[in-house]
Structures are given as C-alpha cells and as structure tokens.
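In terms of this note's numbering, the sequence shown has 138 at position 138, counting the first letter as 1, and numbering is strictly consecutive.
Cβ atoms here follow ideal geometry from the backbone N, Cα and C, with glycine treated the same way.
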Amino acid sequence: MALVRVKGTFEKAVAAAGMALSVGLVVAALIAVGPTVAASSSSQPAPGKVKVELNFWNWWDTWRTDIMNDVIANFEKEYPWIEVNNLVQPWSGRESKVVTAFAAGTPPDILMATRAEVINLADQRLITPFTPFIKKYGLDLSIFFRSEIDAFRWEGEIWTLPFPTVSGNDDFYVYNRTLFEEAGLPANKPPRTWSELAAAGRKLTKKRPDGRIAQLGLRWTGPQFFPLLYSNNGTFLSSSLRTATFDSPEGADTLRYMVEYVKEVNGGVAGQDQVSRDAGGGWGDPFYRGMEAIFFENVSVFSAIQQKAPPGFSWGVGLMPYNDKNPKAKSTGIAGMRFGWGYVIPASLPKEKQEAAYLFVQYLTTRKEGSGYFALKMGRPSPVIDFNRDPEFLKINPNWGQVLLALETDVVFPAVPGFDKMYDTARAVIDQALAGQLAPETALKQGAEEVQKLLNKYWSTRKR
1 MALVRVKGTF
11 EKAVAAAGMA
21 LSVGLVVAAL
31 IAVGPTVAAS
41 SSSQPAPGKV
51 KVELNFWNWW
61 DTWRTDIMND
71 VIANFEKEYP
81 WIEVNNLVQP
91 WSGRESKVVT
101 AFAAGTPPDI
111 LMATRAEVIN
121 LADQRLITPF
131 TPFIKKYGLD
141 LSIFFRSEID
151 AFRWEGEIWT
161 LPFPTVSGND
171 DFYVYNRTLF
181 EEAGLPANKP
191 PRTWSELAAA
201 GRKLTKKRPD
211 GRIAQLGLRW
221 TGPQFFPLLY
231 SNNGTFLSSS
241 LRTATFDSPE
251 GADTLRYMVE
261 YVKEVNGGVA
271 GQDQVSRDAG
281 GGWGDPFYRG
291 MEAIFFENVS
301 VFSAIQQKAP
311 PGFSWGVGLM
321 PYNDKNPKAK
331 STGIAGMRFG
341 WGYVIPASLP
351 KEKQEAAYLF
361 VQYLTTRKEG
371 SGYFALKMGR
381 PSPVIDFNRD
391 PEFLKINPNW
401 GQVLLALETD
411 VVFPAVPGFD
421 KMYDTARAVI
431 DQALAGQLAP
441 ETALKQGAEE
451 VQKLLNKYWS
461 TRKR
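Put into structure tokens, the structure is as follows:
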C-alpha cells in the first residue's frame with residue numbers, strides 16, 4: 001500500500017515553531033505530528049496472479065543481511081505471488097561487476113545502485129523509469145525529505161526510490177561534549193559559523209612539548225569543501241549543468257578558510273594525519289577515543305559511536321557551519337555528493353517482472369515494515385519523514401532532533417552522467433591545496449578547467 005501524509009507534517013511542525021527551536025522542542029514537535037496512514041491501492045494481492053521470481057543484487061552484508069531477509073519475508077506474505085532472492089554481493093570489484101552485467105545483457109532483476117550509477121544507467125536508457133509506476137500506484141512523494149527524490153530525477157523522470165538516505169551525509173558534524181566542557185566551551189551550543197568553529201577548534205587543540213598534536217580540535221579534508229562552499233552561498237555547477245562554477249569568490253573564500261586553518265592550527269595535513277596514526281590509524285578512531293573533538297562524518301557515525309566509543313561517551317551534533325562574513329550564507333548540507341543508494345530495474349526486464357520489481361522497491365523504501373524497520377535497526381534516518389517520528393530513535397540517539405534539522409538543510413548536489421568523476425577531479429585539487437602543494441586560487445582554477453572539459457565532452461557527445 002502506498003503511504004500518504006496527513007495534516008500536520010514534520011516540515012509544518014518545524015516551520016510553525018521556527019528553525020531556531022531547541023533540539024528538545026523540535027523532537028517534541030516531531031513526535032506530536034499526526035500518524036501516518038496507508039492509502040488503499042491496487043497493489044493489494046489479487047487472485048490469479050502469475051508467480052514471479054526476482055533476483056535482487058544488494059550490498060546489505062554482515063548483520064544487515066538478516067534485516068533484509070526480514071523485510072523480504074514480510075513483503076512475500078503480502079505479495080505471495082512474488083518471490084525475492086536476496087543475493088548479497090561482495091564489495092570487491094563492485095563497480096566493474098555492475099558495468100559488466102549490463103554490458104553483457106545479464107543484469108539482476110533489481111539492483112542496488114549508487115546515485116552516480118542510477119544517473120549513468122538512466123542516461124543510457126538501460127533502466128526503466130519509476131514515474132509511470134509511481135503514478136499508477138498513487139505514491140505520494142511528499143512523504144520523503146525534499147532531496148531524496150530530487151537526487152534521482154533525470155530528464156523529467158524519476159528512476160528509483162531511495163534507501164538509505166541520500167541526505168544526512170554532508171550536512172553535520174559530531175562533537176565530544178566532554179572535551180568542549182574541559183576547554184570552557186558550552187557543550188549545548190555547537191559552533192554555528194566559520195568564525196565560531198575556527199575559534200573553538202583552536203581552543204580544543206592541545207600539543208605535546210615536541211609540537212605534535214595530542215588533542216585535535218578538528219581536521220579539514222577535501223570532501224568538506226563542497227558543503228562549506230554551499231554554506232557560503234556558492235555552487236559547484238550552474239543550474240543548466242553546463243558550467244563549472246566553484247572557481248568563484250565564494251569558492252576562493254571557502255578554500256582559503258580551510259587551508260589557513262589546517263596550516264596555522266594543525267601544522268598542515270601531516271599534523272592531523274599524525275593524530276590518526278597515534279590513535280590506531282582507522283578513520284574516525286581519534287574521535288571515538290577522545291583525541292579529536294569535532295568530526296565531520298555521515299550518518300554511519302551513529303552506529304560507529306555505539307560500537308567504538310567507550311561507555312558514557314558524551315557527544316552532540318552541530319549543523320554545517322556557514323560563513324558569517326557573507327550575509328547571503330546559511331547552513332547548507334549537500335545530498336547525493338558521495339553517497340546515496342537506490343534500486344533500479346533493467347529496461348530489458350519483461351513488463352510483468354518490472355511491475356513486480358517496482359512493488360518490492362516501493363515496499364522496501366516506503367513502508368514502515370521496510371525502510372522504517374531497517375533504518376531503526378541501523379540507527380540511521382529513514383528517507384520517509386514520518387518514520388523518524390518513532391520515539392525509539394531518540395532512545396538510540398539523544399541528538400535525533402538535531403540530525404533531522406540537518407537533513408532539512410540539504411540541497412541536491414548537481415549531477416550529470418559522470419558527475420562522480422567531476423567530483424573526484426575537483427576533490428583532487430582541493431586535497432593538493434590543503435597539503436600546501438597548490439595555492440587555493442590555482443587549485444580552483446585548475447579544477448574548474450578540468451571539470452569543464454568533462455562537462456563539454458558529455459554535452460558535445462550527447463545523442464539526444
């Protein structure tokens with residue numbers, strides 16, 4: 001059954017109360033929202049259905065495989081004529097395996113695909129659009145956070161439904177409340193602006209007698225440039241998707257801010273990298289072990305804190321800081337830049353299988369027994385707004401209200417086929433600037449020129 005929203009949505013509750021609400025009030029407004037109801041639709045089992053078997057490639061491995069098996073079992077009870085084979089795939093060689101399967105004409109009936117793969121496959125017309133099915137089954141797209149569906153639009157069509165979130169990956173940071181208190185910083189007021197963040201980072205950084213960093217305030221790496229750029233009223237591509245726009249005054253201010261901080265406070269990239277080695281070398285280990293106060297990461301950090309941080313670890317969530325010297329700037333996250341998954345259906349699949357495959361994807365991504373159950377088990381947000389109202393989330397994550405506010409700030413990272421290579425190209429020069437190998441202005445100029453070449457190549461060879 002397709003989900004519909006009832007009067008009193010999360011967005012309305014937050015808008016009515018104002019974005020300046022305390023996290024506690026936001027959570028209260030969230031839980032007070034009216035219930036989600038299910039709309040009757042023609043997706044209910046009908047007599048005389050022909051048995052359909054679907055092979056489902058996905059990467060929900062290890063302990064998550066059992067969760068997916070639960071979802072599939074519940075789906076098959078409701079749709080007894082559809083059998084879904086849960087074929088969990090290895091991560092090694094993942095990208096080449098997907099490309100080879102489509103090139104050989106032997107893709108699975110349903111494929112868990114990254115946002116970049118979805119856009120690329122859609123452009124080649126190798127997958128079928130979801131738009132006709134969405135209309136047929138009356139799916140109300142307003143149940144999703146605003147960026148979740150927009151991230152999978154291409155040429156006027158919607159090509160998949162999202163799970164897990166496309167949002168929540170580049171729009172917040174986590175911080176160690178205990179280290180804040182020890183530094184004389186308010187633990188309940190995380191830095192909101194660039195100036196506040198830099199000042200806090202300096203206070204939180206402690207060095208040994210030999211000059212090495214014993215406690216890192218924060219680190220900057222290439223990926224953070226992009227949400228910081230958007231939080232400075234900048235953009236990566238033009239709205240036409242034909243021009244690279246990050247070599248701009250906003251881009252220069254953003255990269256200079258990062259480069260100056262890394263050089264002056266962390267002693268360069270080498271200084272912040274040394275902290276990682278001292279903590280054991282794993283990504284995030286300095287934060288989990290109390291050696292790094294502020295950590296920019298995606299929603300997977302919530303389960304990592306539970307698994308890796310010591311008992312009693314006190315932490316909070318802050319929104320992406322904005323440039324307080326730019327009156328047009330505001331906290332802005334980016335959705336679908338590096339992460340984001342959907343589930344695609346090959347265009348070569350017989351029509352009756354396509355419809356069955358869509359019904360499973362709709363169930364997985366829009367039903368409480370699907371993404372609602374799965375997201376709660378992982379302690380991560382669901383793309384469906386109302387599912388995040390479950391009070392159990394607040395028990396797992398005391399910062400849940402702040403997390404949902406972060407998702408509300410997201411805009412979709414601009415995408416054309418091959419945008420992942422454009423991102424990699426831009427990130428490479430950002431990393432060089434942070435390492436002191438290129439001046440910020442030079443890095444942006446070189447990066448924009450290379451990205452523009454990729455854009456020109458795509459648009460010049462496009463057949464439609």
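| Check | Outcome |
| --- | --- |
| In angstroms with no decimal places, state the Cα-to-Cα distance between L438 and Y230. | 22 Å |
| Have a look at Q354 and K136 and give me their C-alpha separation to the nearest angstrom. | 13 Å |
| Assess contact between the segment 298 to 308 and the segment 191 to 205, defined as three or more Cβ pairs (one per stretch) separated by less than 8 Å. Is contact present? | no |
| Once the 5 residues before and after E76 are set aside, which same chain residues still bring their CB inside 8 Å of it? | I82, E83 and V84 |
| If we ignore side chains and look at the alpha-carbon of each, how far apart do D431 and D66 end up? | 39 Å |
| Return the CA-CA distance between A293 and V317, expressed in angstroms with no decimal places. | 12 Å |
| How many angstroms separate the CA atom of P465 from the CA atom of T160? | Nothing about residue 465 can be read from this structure; the chain reaches only from 1 to 464. |
| Taking the alpha-carbon of E155 as reference, which of P249, K457, W91 and P417 has the nearest alpha-carbon? | P417 |
| Which class does P132 belong to by DSSP, given the choice of helix, strand or coil? | helix |
| Helix or strand or just coil, what does DSSP make of D410? | strand |
| Take N86 as the anchor and find which of W59, E78 and D424 has the nearest alpha-carbon. | W59 |
| Spell out a yes or no on whether the segment 196 to 210 and the segment 279 to 287 are touching, meaning 3 or more CB-CB pairs, one atom from each, closer than 8 Å. | no |
| In terms of alpha-carbon separation, which member of L364, N188, S239 and G379 lies closest to K70? | The question names Lys, but residue 70 is Asp in the sequence shown. If we check each option's Cα against that of D70, L364 comes out closest. |
| Less than 7 Å between the C-beta atoms of A183 and L319, yes or no? | no |
| So does the segment 256 to 270 actually touch the segment 235 to 243, counting three or more Cβ pairs closer than 8 Å? | no |
| Are the beta-carbon atoms belonging to Q446 and V429 less than 7 Å from one another? | yes |
| Taking the beta strand (DSSP E) that N456 falls in, what are its first and last residues? | It is not in any beta strand (DSSP E) - N456 instead sits in the alpha helix (DSSP H) that spans P440 to T461. |
| Nearest-angstrom Cα distance between P466 and F295? | Only positions 1 to 464 of the chain appear in the structure, and residue 466 is not among them; the question remains open. |
| Can you name, in chain order, every residue of its own chain whose Cβ lies under 7 Å from the Cβ of F375, other than the five neighbours on each side? | The identity of residue 375 in the sequence shown is Ala, whereas the question assumes Phe. The residues are P164, P381, S382 and F387. |
| Compute the distance between the beta-carbons of N233 and A335, then report whether it is under 7 Å. | no |
| Taking D420 and A116 to be in contact with their CB atoms under 8 Å, please state how far apart those CB atoms are, rounded to whole angstroms. | 4 Å |
| Express the C-alpha separation of E260 and G268 in angstroms, rounding to a whole number. | 9 Å |
| How many angstroms separate the CA atom of K49 from the CA atom of A356? | 11 Å |
| Out of G217, G211 and R212, which has the shortest C-alpha to C-alpha gap to G205? | Gly is not the amino acid found at residue 205; the sequence shown has Thr there. Minimum Cα distance to T205 is reached at G217. |
| For the segment 343 to 378, list the alpha helix (DSSP H) runs that are entirely contained and at least 4 residues long, ordered along the chain. | 351 to 366 and 373 to 378 |
| Taking only the alpha-carbon atoms, compute the straight-line gap between S167 and Q224 and give it to the nearest angstrom. | 15 Å |
| I'd like the span of the alpha helix (DSSP H) that includes T100, first residue to last. | R94 to A103 |
| According to DSSP, simplified to helix, strand and coil, what is G316? | strand |
| So what does DSSP say about R125, is it helix, strand or coil? | coil |
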